[in-house]
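Working notes for the structure below.
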Amino acid sequence: MTAIELGKRIADMRNAKNMTQAELAEKLSVTTQAISKWETGAGFPDIQIIPQLADIFDTTADYLLGCEKKQKVLVYNVCAREIGSERCNYDIELNDMYLNEGWKIVQSHMSSDSEQTYIMVVLER
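This is the structure we're talking about:
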């Protein structure tokens, strides 16, 4: 992974958390200039910072360094049928929250029986 690629990843994840460079710098006990340097690809964070970044961004060091993709599988009970009514509860706000944090839908599948309808969504980043 190049410094520019890592910098873009750090900037994207920071923005997904609605965090400023100053807030991230404070959490890491570094300067705002250091964050800017990383995000523009002018340098790499110290190797000791990588686990802290992964923790702050709720990811892994491997993902930060481009070694793996992270996946989540969500299963929603979309509709529950009861005698005489149908109650639906697909949580589109939760789905949007993940999408706003940089996750992308890579697969979805809906299944149904006489009482329930489910949707499975596989997210990746």
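Under the working numbering, the letters of the sequence shown match residues -13 to 111, in that order. Glycine included, each C-beta is placed from N, C-alpha and C at the ideal position.
query, result
"Along the chain, where does the alpha helix (DSSP H) containing S94 start, and where does it finish?", "Unbroken run through S94 is the beta strand (DSSP E), K90 to S98; no alpha helix (DSSP H)."
"For the alpha helix (DSSP H) containing L50, list its first residue and its last residue.", "A47 to L50"
"Return the Cβ separation of L60 and V107 in integer angstroms, given the expectation that the two are a contact with Cβ distance under 8 Å.", "5 Å"
"Under a Cβ-count criterion, where at least 16 other Cβ atoms within 10 Å of its own Cβ denotes burial, should P31 be classed as buried or exposed?", "buried"
"Quick one: Cα of R(-5) to Cα of L39, how far?", "11 Å"
"Output the distance between the C-alpha atoms of Q19 and T6, rounded to the nearest integer angstrom.", "12 Å"
"Output the distance between the C-alpha atoms of E101 and W24, rounded to the nearest integer angstrom.", "52 Å"
"Where does T103 sit, in a helix, a strand or coil, going by DSSP?", "strand"
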